[in-house]
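One structure is given here, and the rest of the page talks about it.
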Amino acid sequence: MSGSALYETFARAPLAFDRGEGTWLVTDKGERYLDFAGGIAVNSLGHSHPHLVAALTGQAAKLWHVSNLYEIPEQRRLGERLVDATFADKVFFTNSGAEALECAIKSARRYQFVKGHPERFRIITFEGAFHGRTLATIAAGGQYKYLEGFGPKVEGFDQVAFDDIDAAEKAITPETAAILIEPVQGEGGIRPVPTQSLKRIRQLCDRHGLLLIFDEVLCGIGRTGKLFAHEWAGVTPDLMAIAKGIGGGFPMGACLATDDAAAGMTAGV
Ligand SMILES: Cc1ncc(COP(=O)(O)O)c(C=O)c1O
1263 MSGSALYETF ARAPLAFDRG EGTWLVTDKG ERYLDFAGGI AVNSLGHSHP
1313 HLVAALTGQA AKLWHVSNLY EIPEQRRLGE RLVDATFADK VFFTNSGAEA
1363 LECAIKSARR YQFVKGHPER FRIITFEGAF HGRTLATIAA GGQYKYLEGF
1413 GPKVEGFDQV AFDDIDAAEK AITPETAAIL IEPVQGEGGI RPVPTQSLKR
1463 IRQLCDRHGL LLIFDEVLCG IGRTGKLFAH EWAGVTPDLM AIAKGIGGGF
1513 PMGACLATDD AAAGMTAGV
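Our numbering applies: residue 1263 is where the sequence shown begins, and numbers increase by one.
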């Protein structure tokens, strides 16, 4: 065995943290570090926040898992809170941001399918995007460094330059199902999409019968000073993927949808 037992997919710093206290991390040798990374935009409540610890340990001691074949009152309550706070009518919970994006992509394709347009499956994305590391989300992100060597790229993603709304309009074909965009591009360099551009994208979607998908996995959950970044622009999507900050380090994400956008996602699909 070479190195550690773990896949060598991360260039790790030679530091092991033993505990965290709010914004501080403490190594196994007792050194204290002020944490500016926040678990790559994940630890929205800092480390070991008492409210989060109490919620998780309380639940763990009571009941861990029952599957989605039964009612889960806490899941229902969180869904209702997200619906009350956003444009959404429906929520699907996931374990990660990439899965939330997969749900949004599948919802958009199924929406077109059940509305009588099975030919509409393509999704327009923007250069510099990052949407996760599953096979579909690396295709959506369109970055060669993540696609190389993983076989044929998942079909159905058309990428245009960042904030080039004219190019996005030209890329719309009879096969287009949706436009997917991060309101503030994260990995692409913390690039906010201008309000006017988000408004034009919304209009394009409405004019052409496309769904608008926001990826707020990184920029959502309070990072911009509002609960979601798109609230600054006053533009709402049909579908939205969130994760990271919503779990504060507990692995979870969610796909939010209007009733209409979720119309294709029925029992068994
Ligand atoms: C904008 C954006 N979308 C999607 C993802 C994927 O989320 P996850 O790593 O939870 O799968 C990330 C992760 O960094 C992200 O920044």
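Backbone N, C-alpha and C fix where the C-beta goes; we use that ideal spot for every residue, glycine too.
DSSP state of residue i mapped onto helix, strand, coil
i	result
Asp1346	helix
Phe1375	helix
Trp1286	strand
Gln1421	strand
Tyr1332	coil
His1313	helix
Ala1524	coil
His1327	coil
Gly1340	One detail in the question is off: residue 1340 reads as Leu in this sequence, not Gly. Three-state result, Leu1340: helix.
Tyr1269	coil
Lys1488	coil
Glu1364	helix
Val1460	Contrary to the premise, residue 1460 reads as Leu rather than Val in this sequence. DSSP places Leu1460 in helix when its eight states are reduced to three.
Gln1465	helix
Residue i Cβ short of 8 Å to ligand 1 heavy atom set
i	result
Lys1506	yes
Glu1389	no
Cys1474	Note that residue 1474 corresponds to Leu in the displayed sequence, not to Cys. No, the Cβ of Leu1474 stays beyond 8 Å of every heavy atom of ligand 1.
Ala1303	yes
Cys1481	yes
Ala1275	no
Phe1392	yes
Asp1425	no
Glu1493	no
Gly1484	no
Gly1511	no
Ser1369	no
Thr1399	yes
Gly1448	yes
Leu1363	yes
Asp1477	yes
Ala1503	yes
Gly1359	yes
Gly1300	no
Gly1515	yes
Arg1453	no
Bridge-paired residues (DSSP) for residue i
i	result
Asp1477	Ala1503
Thr1319	DSSP output for Thr1319 lists no bridge partner at all.
Ile1385	Phe1419 and Ala1440
Tyr1295	Leu1287
Thr1356	Gly1515
Gln1447	Arg1453
Arg1395	DSSP lists no partner for Arg1395.
Arg1249	Nothing in the structure corresponds to residue 1249, since the chain is present only between 1263 and 1531.
Gly1510	Phe1512
Rounded C-alpha distance that separates residue i from residue j
i	j	result
Thr1348	Gly1482	12 Å
Leu1307	Gly1509	9 Å
Thr1399	Ala1391	10 Å
Tyr1295	Gln1447	28 Å
Pro1513	Ser1358	6 Å
Glu1389	Asp1297	30 Å
Leu1287	Val1416	40 Å
Pro1414	Leu1397	9 Å
Ser1369	Gly1526	6 Å
Ile1452	Asn1330	36 Å
Glu1493	Pro1454	13 Å
- prompt: If you pair each beta-carbon of the stretch 1395-1411 with each one of the stretch 1457-1466, do three or more pairs fall below 8 Å?
  reply: Look at the beta carbons and you see the stretch 1395-1411 not touching the stretch 1457-1466: under three pairs across the two are nearer than 8 Å.
- Task: Inspect the CB distances between the stretch 1461-1481 and the stretch 1332-1351 and report whether three or more fall short of 8 Å.
- Result: Short answer: they don't touch.
Would you check if there are 3 or more beta carbon pairs closer than 8 Å linking the stretch 1382-1389 to the stretch 1349-1357? No, because fewer than three Cβ pairs between the stretch 1382-1389 and the stretch 1349-1357 fall closer than 8 Å, the two stretches do not touch.
Worksheet item: Is there contact between the stretch 1489-1501 and the stretch 1325-1334, where contact requires at least three CB pairs shorter than 8 Å?
Response: Using a Cβ-Cβ distance cut-off of 8 Å, the stretch 1489-1501 and the stretch 1325-1334 are not in contact, since fewer than three pairs of beta carbons, one from each stretch, lie closer than that value.
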